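Accompanying notes for the structure given below.
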Ligand SMILES: Nc1ncnc2c1ncn2[C@@H]1O[C@H](COP(=O)(O)OP(=O)(O)OP(=O)(O)O)[C@@H](O)[C@H]1O
Ligand SMILES: Nc1ncnc2c1ncn2[C@@H]1O[C@H](COP(=O)(O)OP(=O)(O)OP(=O)(O)O)[C@@H](O)[C@H]1O
Ligand SMILES: [Mg+2]
Ligand SMILES: [Mg+2]
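Protein chains in written order, with this note's numbering: chain A, 157 to 660; chain B, 147 to 491; chain C, 196 to 523; chain D, 21 to 327; chain E, 867 to 1191.
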């Protein structure tokens, strides 16, 4: 087939690759643009527009650029484009969530020759190649003075990627065409129509009705059915998104947590969640396998930490959390709650796969060990603000990590600290100096092995301390029609170049 | 019969004024709202509209009298009746009840006085609350005003119903279960239950069939003597008015054009309008007659003709009639008329 | 004398309602001569309108003409097809309704409503039809008919509207007009105008007229003959003067006595006691029995209508003779 | 002067029973068989809703009684707790039959509750507007216009987004959306009724204003109000379902019919029809039965179709 | 007429103003858009920068004044999410919604009017009773549920119609329309029917009630008494009278159809304004929400205006001066 139609579940809001940190946007950007460092489906760094890179000094990274690369408009790719791109990152007006963080560690850029470039940093910065996987290189000539609107109008959206954009209807569809001048492997389809169908059922129906060839975010409810359907093929891979429960660590032992009361609904006078035994009990009470099997219909793996095995920072020796209601009850009794207490578990209902169902299931399980749980699911809009203001006692939330253990540690586990930029998403306000110091060391450690050890140690401590209650890591699922094949990836993005005609 | 009539006549002449209207007017205005005023500024052809429903009327009703008020539709009869009954405040003028200025009274006193004037309405269907039983319709007001106690309530209602010619056995019924004539009796019983001495009948028999109308008219007459009532009898049916009234007032477009004892009006109408009205009325006595014609339509009260309102239809109209509003003047003893012809003569 | 325009014989129109059969018109017979006016009087609900609608074939369900003949120029209207009837309606027989506010369609211009009537029965051009409409409007005394044709009904006063309705009835110079209380809703002066107009027209065109009203005074001035209806039946008919001067039926007499101007001022009216009975399940016998001062055993049987004096028919066992009235 | 007795005799009551407006209304209502059927069905539904806690096999709102291991069972399966799920279970192992019974309870509470409150609020304001006239009238009616110029679903969406979930909040949102209809209806009727002669008569009898307002005027404004109210109950139930479907509305652990449908929505295409289908049918029957009743009410209470 | 226009204009201003205030406060109360928009791993510095760049650091009243100032110059702000003028976004999506709404309106009239007419003319026939019972169903079925059923049956089971989306479009007057292509029409069919369902019932009922009421009128009887054919009586005398309420309600309903397309659009993934607003509410994209509601209100008012003008054309008795007082 020369054409293919893809339906994605999340709307692409902009074609400007530096406007909004949003996975659907990034996925399209990765179809159209290239990065210095690309990643494969397992998120391993592979050469992109840079053919090789290394730290030439503790604070200097050198990248060799790929020769003979052309942008969709015919312009040649050079070091100037890289410099321009990095300068553009903090200067995209009105960006609600910019890419500036990736250029901030860089103090100076040195163009050695048109195909060699050096980045100088203030401190040793081991994460720079990883950061570069997030920076899509634009053509200086086209993008200079271009606004986000110019990108949306396709005019400025000229990259070096395998497909180029033909047309764009905001929030509805993007039409791609193969870029024959691509430096890498030739894209499989002449044309690809990239449609946004946010409604799950509608998306599945569109696939079943044959209107589209590929869908992403396959609803778990349809999965069993689709698997049975001979005309449909499923592609899946465990991802990097952990679903976990955040707990209130902010209130001191002798303070009331907002949604915890005793069994008669009166204030408890203390915050049970500050007691490790209680946290362990709550974690042990959860039958993760049941959630994975029944709620997620097998599309997740039970988790005891942030990252799946094989990813940088995975703690190999951490045992799975046992499902042990009796043990949980015992622990509760030890902690002084033989009859449990009441708690409200909050969560979004429109954000993560089956989010509202999961909290209900957790609610069932907690209630069975005597922690009578009320469950409230809200739209993400209202939920996330309140979670960020520490208004909840226990809440479900997710985290899609970069393939590096420092990423969740720094954002979720580390003590909240505005100046260091740590704990930005630490909504439970967990704080452990030991973890903080290990993380701190790892962030300037250029030796990969040493760095990994530091991170693993920090992660182990945090998990043993039940900083959060990990539930499961989601599997990313795509479904294709007969005759098409999609290469599943660890990241959630749906990239046109990963779809190809079936091998027969 | 004629003896008693003369006697009554004499008593009436001596009768004290029960209701006196002095320069009563009632205007209905359609004001422009904010948007209207802006539009007017912008040159839209809109303006505030005023209907002079009743225009500077003087009228005296003496005790024991039946005054008939006649006129064509829209001439302001009901409006006048409502003002007399105290339902509608006049725009101008004073209303004296037994010599007291009603409008100067406190609310409680005014209520007291207003209660003594009752009204009987035209539409026997619309004038009874369809969701109340007859007993409540009749008995509610006396109870509220303390004219009767709870204990005496039933007997009182029975009495009122009986007096109006209704079987008290029906008092638990609802209005829709009665015929038009019976409903009108309910209305009468309701009015009489608060012991009024003055009744305004606004087209009280117009909606009824002749045979029923005769019954109700007879009832009115009987009650008048039994209870010593005074009536303002509003009607467009000259026959009914002639039959019932001692004195007749003719209205045209909000103004009184003629006022005289009934015999006089029917025998020697003075105002041209009265004359044409009388000529238009079909009479059962006259066979195969040629109907006479008053020319023209009834003008809109929104936009009444200048001077004498009747001049465009008047066979005797003169230049003066267009310009000058004629005043009501005595043309014969007890007969007053508002016509310029009388000055000429 | 030529054949009568209309001869109604033993007409029965019944309404088959859920509650029972309403004998709205029961055994009604009368004749309308060419160029004459028949006054059909009676109290509300006595079946006057239904009689009218029966003649023109517009009795609404659940009503139906169940018996009798309606001989219009010799043809029995009760037997002809709807098509034939439609041909006659508005053409040879026209009808005018009571409420002038309601008889004209408020959303159609007067010319539309007139022209469609012309075209319904005559194959003429629209222009000719308009011409005809204009002439007829002029005939009923509407000034500047050309302009008025372009108006909507609400732009007319009540009297004017009734004139328009009359004009529509006259468009085809019908042989019979049924006028169902056309002046009841109007003011006296306007009623006078309309009556005068109608009188003139009847005199000039030779159209026969059935004038339905409850107002004896109007009939007195307008009609040649009178038929008095009570509870779906004609109880008395004859020449207007004769009937009104010397009624034979107690009901007619009572009716006349109820009209105020007939009586002496200030004295009690001669009223008929009680009220009109419901037509639903009327008991057999004389329907007036319960209100009649002369009622007797005999009245339990159904009285037939009979010719008591020449040209005077009455449905009563105990009619008022000349003498009995004087005695009363 | 014998007219009194004669008159009485002539009109002697045929039936002894007094025909109250209510009885007349009932008998007219009964004329439509389908409406009676609707009423019967609705009564059954209301009964189920009211007595759900006593007749439902499970308390679907008590998380302790649910087990996700019972989730998505087909109709007729016997679950872990030992009783049969006649209509199957949803993803949480909630017995659909119990869920529907409780859902009816919520839906009816929301529908009737919001209609009742909106009716009281709207009717009072409408009556006030009609009786007071002038400034009061125009202020109230401007607010009504304002309210009605917003699409109801959007208003409800915004309000719920603002208030958060909860049955009470749904009721509040629906009240805010609906009161204007009542106000407009009552004002319209009251303006007509106010000019009726029986009101004038009451004024003439010098009855206190409050009495005229509530004893004379209001009862006569009720018929159209009742019609609007029944229709609005049905509308409110549907609107609540839609809101729940859109992710706002009632809490997930206490699903209304709408939320049950929304929850099962995804399973519809995957063959587990019962999760969405049965609540859908229940919703349908409820709304249809209310509308059937409302429809007949409209016919019976409409004075214009009466002779 | 002028009074009427002036009144409508004032009303529109008032409504739009009140609405913008309410929405401003409302969105502020719901949550903080930055929380939603910002990448989860953004740190505080990045967060503050975002807040500042979106102008959310100013006090609310100040933000409102800025908005008001811009709005008076026709600038309704830029979408937080798309970084495009809100107005442009909405106008881009409007044709899709409009054609859906008009399609639904069209269907409801074409289907509803004849059925209603029939049911009104023969109120007691079994067919009429069936029509009326059916119309109750149409009233009662929740839109989203019907939408889903339609997809189930016609797209998935039968495969007759495409399930979702807008399909091919053709350009006319510089705007993309799908009703101009066959493929587009086939995409439009289901959502339009879905949206029309309620309106069909409404039109049936209105028509039937209108016919029944009109048939009782004296002027209909008079028309028959004039000897007109039943067809003329029905289609001229009765029809023109029932058109008045039908046009009014159908017109007014157009507004609510546009609003209700929110549901249909999200079920059928129809890329119209309704879907935009749902998405915008989900991410608290305030400029779009405000602009959308303002446009909707203006549309409502315009529709009302047109309806009233049509009304006065159809019913000569109506003079616009008196209305809306
Ligand atoms: N509430 C009102 N608002 C505006 N105009 C009014 C009002 N009431 C009466 N009018 C006007 O005042 C004039 C006189 O009305 P009124 O009812 O007194 O006449 P009427 O003589 O009783 O007529 P009818 O014989 O038709 O009852 C009419 O032109 C009427 O339109
Ligand atoms: N559609 C109908 N269904 C049932 N009964 C009817 C119907 N139309 C008329 N009737 C009955 O037929 C009887 C005669 O009615 P009709 O209209 O002829 O009276 P009328 O003499 O014209 O009275 P009015 O003076 O009030 O016009 C009445 O008792 C009425 O109840
Ligand atoms: Mg009056
Ligand atoms: Mg009649």
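Quick reminder that beta carbons are idealized off the backbone N, C-alpha and C, glycines included. Fair warning: this is a prediction, and the values are worked out from it, not measured in the lab.
* Consider the Cβ of residue 506(C): report whether some Cβ of chain E lies at a distance smaller than 9 Å. => no
* Using a Cβ cut-off of 9 Å, pull out every chain D residue sitting near residue 1043(E), in sequence order please. => Residues of chain D whose Cβ lies closer than 9 Å to the Cβ of residue 1043(E) do not exist; the shortest such Cβ separation is about 24 Å.
* To do: Determine contact between the stretch 482-495 of chain A and the stretch 448-456 of chain A, defined as no fewer than three beta-carbon pairs at a distance below 8 Å.
  => no
* Contacts around residue 290(A), its chain only, beta-carbon distance under 6 Å, and the 5 residues preceding and following it disregarded -> Excluding positions up to five away in sequence, the list reads 258.
* With DSSP run on the structure shown, which of helix, strand or coil describes residue 396(B)? -> strand
* Return the chain-ordered list of same chain residues with a C-beta closer than 6 Å to the C-beta of residue 487(C), the five sequence neighbours on each side being excluded. => 445
* Coil, strand or helix - residue 1020(E) by DSSP -> Residue 1020(E) falls in the helix class under three-state DSSP.
* Between residue 314(C) and residue 324(C), what straight-line distance do the alpha-carbon atoms span, to the nearest angstrom? -> 7 Å
* Can we say the stretch 548-568 of chain A touches the stretch 501-510 of chain A, given the rule of at least three CB pairs closer than 8 Å? -> yes
* Asked: Listed by chain order, which residues have C-beta atoms less than 5 Å from any heavy atom of ligand 1?
  -> Residues with a Cβ closer than 5 Å to any heavy atom of ligand 1, in chain order: 174(B), 197(B), 199(B), 219(B), 220(B), 221(B), 222(B), 223(B), 224(B), 225(B), 447(B).
* To do: Indicate the three-state DSSP secondary structure (helix, strand or coil) for residue 162(A) in the structure shown.
  => strand
* Asked: Can you tell which of 268(A), 279(A), 160(A), 249(A) has its C-alpha closest to the C-alpha of residue 260(A)?
  -> Out of 268(A), 279(A), 160(A), 249(A), 279(A) has the C-alpha closest to the C-alpha of residue 260(A).
* **Inter-residue spacing [alpha-carbon to alpha-carbon] between residue 246(B) and residue 229(B)** => 15 Å
* Give the interface partners of residue 353(A) over in chain E, defined as CB-CB distance under 8 Å, in chain order. => 1030, 1031, 1135
* Measure the CB-CB distance between residue 295(A) and residue 227(A) and report whether it falls below 9 Å. => yes
* Asked: In three-state terms, what does DSSP make of residue 208(A)?
  -> Look at residue 208(A) here: in three-state DSSP terms it is strand.
* Thinking C-alpha only, which one of 144(D), 267(D), 275(D), 142(D) is nearest residue 538(A)? -> Nearest to residue 538(A) by C-alpha distance, out of 144(D), 267(D), 275(D), 142(D), is 267(D).
* Asked: Between residue 1136(E) and residue 957(E), which are expected to be in contact by the criterion C-beta below 8 Å, what is the C-beta distance as a whole number of angstroms?
  -> The Cβ separation is near 17 Å, so there is no contact.
* Any C-beta of chain C under 9 Å from that of residue 1095(E) -> yes
* Buried or exposed: where does residue 243(A) fall if 16 or more other Cβ atoms within 10 Å of its Cβ makes it buried? -> exposed
* Considering only residues of the same chain and omitting the five flanking positions on each side of residue 603(A), which have a CB-CB separation below 7 Å? -> none
* To do: Report the residue from 217(B), 181(B), 166(B) whose alpha carbon sits nearest the alpha carbon of residue 427(B).
  => Looking at the Cα atoms, 217(B) is the closest of the given residues.
* Asked: Would the C-beta of residue 237(C) count as close to ligand 2, meaning under 8 Å from any of its heavy atoms?
  -> Checking every heavy atom of ligand 2 against the Cβ of residue 237(C), one is found closer than 8 Å.
* Under a three-way DSSP split, which group does residue 407(B) fall into? -> strand
* Asked: Considering residue 258(A), what are the terminal residues of the alpha helix (DSSP H) in which it resides?
  -> Neither: residue 258(A) is in no alpha helix (DSSP H) and is coded neither H nor E.
* **chain C within 9 Å of residue 872(E), Cβ atoms only** => Residue 872(E) is outside the set of residues whose beta carbon lies under 9 Å from a beta carbon in chain C.
* **Assigned exposure category for residue 28(D) - 16 Cβ within 10 Å defines buried** => Unreliable placement is indicated for residue 28(D), whose pLDDT of 38 sits below 50; no coordinate value is reported for it.
* To do: For residue 272(B), decide whether its Cβ has a neighbour in chain H, counting only Cβ atoms nearer than 9 Å.
  => No chain H appears in the structure shown, which is made up of the protein chains A, B, C, D and E.
* How far does the alpha helix (DSSP H) with residue 51(D) in it reach, from first residue to last? -> Element bounds for residue 51(D): n/a, residue is neither H nor E.
* To do: Compare the C-beta of residue 228(D) against all C-beta atoms of chain E and say whether one is closer than 9 Å.
  => Taking 9 Å as the threshold, the shortest C-beta distance from residue 228(D) to chain E does not fall below it.
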